[in-house]
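Chains as they are written, first to last, in the working numbering: chain Z, 28 to 414; chain B, 28 to 414.
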């Protein structure tokens, strides 16, 4: 049995790709940005808010959902879509990134990663097989393989060693999913028979390691390919170079997902280098801290200069926040500690991100992407309105 | 110049009154419940959420808005409606209740109340004149007079003394508003020329003091009359008796507002005693703590029994929360500390309250209020689904 996942490349323009992929829960236009719904909810948002902002797919964090409320409970509810009431596509990560972030609370070897829960200190083992099973129970539309996430900077030797382990883990994840699909792995309790699985290219900032990782990952064969291990502290120019070099080697007929990135400028620059999918906590986390992305740059709503500013956050934005409220009111809500501040700010930032993706897709479609890119970077380069 | 406020009594049924009042920002059907928007925002809600739940009017707290962001700043923005982006009616309280709650941080005499801000310890004076001016600058559609709020229990002597002071303060508030309307009070910076003002009946639980307070307050003359000093710890039966006795003495042609009450059962019982308007933090505050009001009684979403409950909070409710999410998911969000839990729970509780008011109005209109009341109390008497 194969997955229900298909990808079509519609057109390209100056390296940017317009496409779409189909999942059991609907179609996603690419380039796409996926809001992060760590615990089965995009923070401060209701589902209809992110639908309104233009989200076609969200990301769920396997580590968090596995620990609470548990993948078993979610599977008994019919899977993650039904449990959370979100009928559209969902991608889940492998949980590896969170486990590796636990520092002293985890131990990694060839088998997988042993870790202690941040909630109650209980001991758990995350392996290529177990993350595949957990994600099968969650029933996301796209599951990710377990990979080893290296800190930056890493030596070439460490990066090579880690990349090779990630390849072995990817092969085990793929084998496990094939066994689940065929019924050879019994009693896993998968809830989405059409689930796809993406491999992840590692190799740090070393071009030949990335190339070797691409070859080995494509050799295993997945429905899509992610680029992992970036946005971990390396210089931005180096990241763009690695993204461009790596994306170029990936097969055209599959979506390319750059994990955990980035700023609005990063999205445009990486689309220009052939990336189709993004996720990042930046728009949601920064919104809760009062930082807002606008067509004219970023602003921090706490700033005293907005105390009597009757204008909207972004005069070019059509989101509910910008249609309804002034900077003065949003500043008041933030300083007053009202949780509505987080909700209104998040709705705006996600709208800005998702609207940027829509404009990117329109530009590729009209073959004006390069002009769009130049203009976007010119306005975005006014990085802060508050400086 | 008179206010733009009018009240029409449409019909009555078994003591319950169906009516409507008009304000410069629209018409309100009574009996009405006013969600509490302390700092210019109903906690966890966006304005459109409370519109959707059926709110026609909200309450703002003068004490909080005066301290932050300040009535001057709000007046410069054109008044509270424009500042917060809420185009519908607003009632503001006088700030007295919050000041009296400050305990050691305030000192009361005939002139008014001196208090220290809970935000920065700064010293302020709230007088009948200053609260009238502040509310004129805020530009609410209904302003409240400053009254003295007694703790329960109070002696007859203390209640009499306090009630008489409240009458003197009410007269000063009225005089000040008349001076603002006529232009005799200059440079106040009022932002809503059609602002109405309600008097407040005090007198504790002493029937003859309440009667004297009604007479004196009506003698001064206001657009509407509130009953204050209840829901402060007295037995519920005593509260109902005082409400009934007091409401009966109030003139038919003006709205009657029971301040700071109450449970859904209180709303029905006090409508039966002739009350037209209510406000209370119960539905919003309890929602944030996980307590949900339903047609079958109350439930606490934290309870383990809901961990795998796929049903909605209330099968009879049509709110977004009940249409979209299960008890199991809401419990997960609450336990995971997601602020979306507060938003979804608040939307449900406000929908339940406002739907109850709509059903009350329908029943009065159909002259079936008594049947409605009996049935409502029978189901509401299953006070907790969790016991």
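Yeah, the Cβ is synthetic: ideal placement off N, Cα and C, and Gly gets one too.
Beta-carbon of residue 322 of chain B versus every beta-carbon of chain Z: anything under 8 Å? no
Across which residues does DSSP place residue 244 of chain Z in a beta bridge pair?
Beta-bridge pairing links residue 244 of chain Z to no other residue.
**Item:** Sub-8 Å separation of residue 392 of chain Z and residue 35 of chain Z beta-carbons
**Value:** no
Query - 6 Å Cβ shell around residue 389 of chain B - same chain, five flanking residues per side excluded - result: none
- Message: Which residues of the segment 351-375 of chain Z have a Cβ closer than 9 Å to any Cβ of chain B? Give them in chain order.
- Response: 351, 352, 353, 355, 356, 358, 359, 360, 362, 363, 364, 365, 366, 367, 368, 369, 370, 371 and 374
Which residue comes first and which comes last in the alpha helix (DSSP H) that contains residue 163 of chain B?
-> 155-165
Next item on the list: Please name the residue or residues paired with residue 304 of chain B in a DSSP beta bridge.
Entry: B:59 and B:284
* Scan the segment 61-72 of chain B for residues whose Cβ lies nearer than 7 Å to a Cβ of chain Z and list them as they occur along the chain. => 66, 67, 68, 70, 71 and 72
| message | Just checking: is the beta-carbon of residue 111 of chain Z within a distance shorter than 8 Å of some beta-carbon in chain B? | response | yes
Original post:
Does any C-beta atom of chain B lie closer than 8 Å to the C-beta of residue 74 of chain Z?
Top reply: yes
* Return no unless some Cβ of chain B is closer than 8 Å to the Cβ of residue 100 of chain Z. => yes
| said: What ranges does the beta strand (DSSP E) occupy inside the segment 346-410 of chain Z, keeping only unbroken runs of at least 3 residues that lie completely in it? | reply: none
_Nearest by alpha-carbon distance to residue 282 of chain Z: which of Z:220, Z:181 and Z:274 is it?_
Z:274
key: Sequence-distant residues of its chain with Cβ nearer than 6 Å to residue 190 of chain Z (five each side left out)   = 229, 230, 236 and 240
*residue 295 of chain B: which of B:201, B:400, B:157 and B:106 sits nearest, CA to CA?*
B:400
Residue span of the alpha helix (DSSP H) that contains residue 327 of chain Z, given as start and end:
Note, residue 327 of chain Z: premise wrong, no alpha helix (DSSP H); beta strand (DSSP E) at 324-327.
*What are the residues of the segment 180-191 of chain Z that lie near chain B, defined by any Cβ-Cβ distance shorter than 8 Å?*
none
Query raised in the report: Just curious, the alpha helix (DSSP H) that residue 123 of chain Z is in, first and last residue?
Result: 123-127
Buried or exposed (CB count within 10 angstroms, at least 16 for buried), residue 201 of chain Z: buried
Report task. Just tell me which of Z:363, Z:320 and Z:361 has its CA closest to the CA of residue 342 of chain Z. Result -> Z:320
For this session: State yes or no: is the beta carbon of residue 103 of chain B nearer than 8 Å to at least one beta carbon in chain Z?
Result: yes
For this session: Could you name the residues of the same chain whose beta carbon sits closer than 8 Å to that of residue 114 of chain B, not counting the 5 residues immediately before and after it, in chain order?
Result: 52, 53 and 108
With a 10 Å radius around its C-beta and 16 neighbouring C-beta atoms as the bar for buried, classify residue 99 of chain Z as buried or exposed. exposed
Next item on the list: Give a yes or no on whether 8 Å exceeds the smallest Cβ distance from residue 223 of chain B to chain Z.
Entry: no
Going straight from the alpha carbon of residue 138 of chain Z to that of residue 163 of chain Z, what length do you get?
20 Å
Does the beta carbon of residue 347 of chain B sit closer than 8 Å to a beta carbon anywhere in chain Z?
yes
With burial defined as no fewer than 16 other Cβ atoms inside 10 Å of the residue's Cβ, what is the status of residue 30 of chain B: buried or exposed? buried
| query | For residue 228 of chain Z, which three-state DSSP category applies? | reply | strand
Self-check item: Spatially closest choice to residue 354 of chain Z from Z:387, Z:80, Z:412 and Z:266, by CA coordinates
Solution: Z:412
Could you tell me whether the Cβ of residue 334 of chain Z comes closer than 8 Å to any Cβ of chain B?
-> yes
Nearest-angstrom Cα distance between residue 41 of chain Z and residue 300 of chain Z? 9 Å
So which residues on chain Z does residue 95 of chain B lean against when the C-beta distance must stay under 9 Å?
-> 359, 362 and 363
Report task. Find the residues of chain B that neighbour residue 337 of chain Z, judging by a C-beta separation of less than 7 Å, and give them in chain order. Result -> 104
Return the first residue and the last residue of the alpha helix (DSSP H) that residue 298 of chain B is part of. 291-298
Practice prompt. May I have the straight-line CA-CA distance separating residue 47 of chain Z from residue 55 of chain Z, to the nearest angstrom?
Written response: 5 Å
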